[in-house]
Ligand code: XMP
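Numbering (UniProt numbering), first residue to last: 200 to 525.
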């Protein structure tokens, strides 16, 4: 029967057997899944593993710094941070279609990992041991919703599953592929991953790129980043973090509405708040946040974020709506 300890042992053995004495990199986002996958593989193969954190320019405020601090401090893992914002944003230029965005982001991630893998080998002067394996924190729901489960339709291509290029040079190591999020959290705790990471709310690999409905531009990203930070600050201040599964903040970049701010008419964009409650992200309900918290978030966003003159609340469950808008 299922205990976190037995599960960790089984997963660690499996990884050791699969990878042998080869070198691996782990695609680390700083979220629960990839952090737990990284910690697990480190337990299995130690310093044959290097974690690679990609700053794709689609991160929330403060994210890169947090990963460096929290995860490296806790695990002592070998970490490489790659600044690839220009590469991703150039590739996304002119693209509004959600599936196309997801595929481009998935592809660029792999390009970054390929280059990082070559650099790691060169830096170590160890051409005998090229990087053969790519570790990803893919979970069971990612597989199912990307159309990988039996009979499942492709709902959306998770960047680490349906977004992978056909000519992938790595063999994938996905030790969490059969697990749900709550099980992953238990495995993480068993491995000594700190609570601050294990209890973190989910954030999708494609980041803010799939929370801008419309083309992704630097300017739009900075609007969304500011609005998202306010929502997160107020939810945390209200003590609601553990009550909600996550709260995507979405910019409707191609929609404008008329407002009145200060002395005059504005013609700005709406921000959508999408707080959800869920057990495993396969289904979800919208969270009934207290009105005063919603009011504070709305007031602050419309006052503090330029070009936003309206805040709306998404009151759709999943199904029919997915959690993310794209
Ligand atoms: P949806 O929008 O499919 O989201 O209801 C379900 C959960 O998955 C997250 N999500 C992703 N996570 N890569 C990820 O790592 C992705 O491409 C991706 N798309 C959605 C989403 O935030 C929610 O927790």
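Beta carbons: idealized from backbone N, C-alpha and C, even for Gly. All values derive from a computational prediction rather than experimental measurement.
- Find out if the Cβ-Cβ distance for the pair residue 291, residue 408 is shorter than 8 Å. yes
- Task: Kindly indicate which residue of 379, 369, 327, 316 has the alpha-carbon position closest to the one of residue 343.
- Result: 379
- Buried versus exposed, by CB contacts within 10 Å (16 or more), residue 406: buried
- Task: Provide the residue span of the alpha helix (DSSP H) that contains residue 427, from first to last.
- Result: 417–436
- At a cut-off of 7 Å, is residue 398 close to the ligand XMP when judged by its beta-carbon and the heavy atoms of the ligand? no
- If we call anything under 8 Å between Cβ atoms a contact, is residue 231 one with residue 401? yes
- Message: Given the structure, does residue 518 come close to the ligand XMP, in the sense that its CB is under 7 Å from one of the ligand's heavy atoms?
- Response: no
- Going by DSSP, which residues form a beta bridge with residue 466? 457
- Query: Ends of the alpha helix (DSSP H) at residue 492?
  - Reply: 490–503
- Message: Cutting at 8 Å between CB atoms, please list the residues of its own chain near residue 359, excluding the five before and the five after it.
- Response: 226, 305, 308, 335, 336, 337, 341, 404
- Message: For the pair the region 240–247 and the region 260–271, tell me if three or more CB-CB distances fall below 8 Å.
- Response: no
- Query: Any heavy atom of the ligand XMP closer than 7 Å to the Cβ of residue 323?
  - Reply: no
- Query: Per the contact definition of three or more C-beta pairs closer than 8 Å, is the region 499–518 in contact with the region 429–442?
  - Reply: yes
- Message: Does the structure place the region 503–511 close enough to the region 479–486 that three or more beta carbon pairs sit under 8 Å?
- Response: no
- Give me the Cβ distance between residue 244 and residue 218, rounded to the nearest whole Å; I'm assuming they're in contact under 8 Å. 5 Å
- Item | Contact test: residue 229 Cβ vs the ligand XMP heavy atom, cutoff 7 Å | no
- Message: What residue range does the alpha helix (DSSP H) around residue 291 cover?
- Response: 284–291
- Query: So residue 449 and residue 471 are in contact, right, with Cβ under 8 Å, and what is the actual spacing, rounded?
  - Reply: 4 Å
- Message: Strictly by DSSP, which residues pair up with residue 522?
- Response: According to DSSP, which records beta bridges pairwise, residue 522 is partnered with nothing at all.
- Item | Those residues which DSSP pairs with residue 250 across a bridge | 225, 278
- If you measure from the CB of residue 344, is any heavy atom of the ligand XMP nearer than 7 Å? yes
- Query: Could you give the residue range of the alpha helix (DSSP H) that holds residue 331?
  - Reply: First-last for residue 331: 330–334, but that is the beta strand (DSSP E), not the alpha helix (DSSP H).
- Answer yes or no: the CB of residue 274 versus the heavy atoms of the ligand XMP, is any distance below 7 Å? no
- Is residue 525 buried or exposed, if buried means 16 or more other CB atoms sit within 10 Å of its CB? buried
- Message: Please tell me whether residue 437 and residue 492 are closer than 8 Å, where the distance is taken between their beta carbons.
- Response: yes
- Range of the contiguous alpha helix (DSSP H) that encloses residue 323: 297–323
- Is it the case that the CB of residue 355 approaches a heavy atom of the ligand XMP more closely than 7 Å? yes
- Message: Starting from residue 482, trace the beta strand (DSSP E) in both directions and tell me its first and last residue.
- Response: That residue, residue 482, is in no beta strand (DSSP E); it is neither H nor E in DSSP.
- Query: Does the ligand XMP have a heavy atom nearer than 7 Å to the CB of residue 523?
  - Reply: yes
- Item | Length of the line joining the Cα atoms of residue 459 and residue 523 | 29 Å
- Query: What is the DSSP secondary structure of residue 266, reduced to helix, strand or coil?
  - Reply: helix
- Task: Given a cut-off of 8 Å, decide if residue 284 and residue 328 are closer than it, judged by their beta-carbon atoms.
- Result: no
- Examine the Cβ distances between the region 352–370 and the region 308–325 and report whether three or more of them are shorter than 8 Å. yes
- Enumerate in chain order the residues of its own chain whose CB-to-CB distance from residue 249 is below 7 Å, with the five nearest sequence positions on each side excluded. 224, 277, 279, 319
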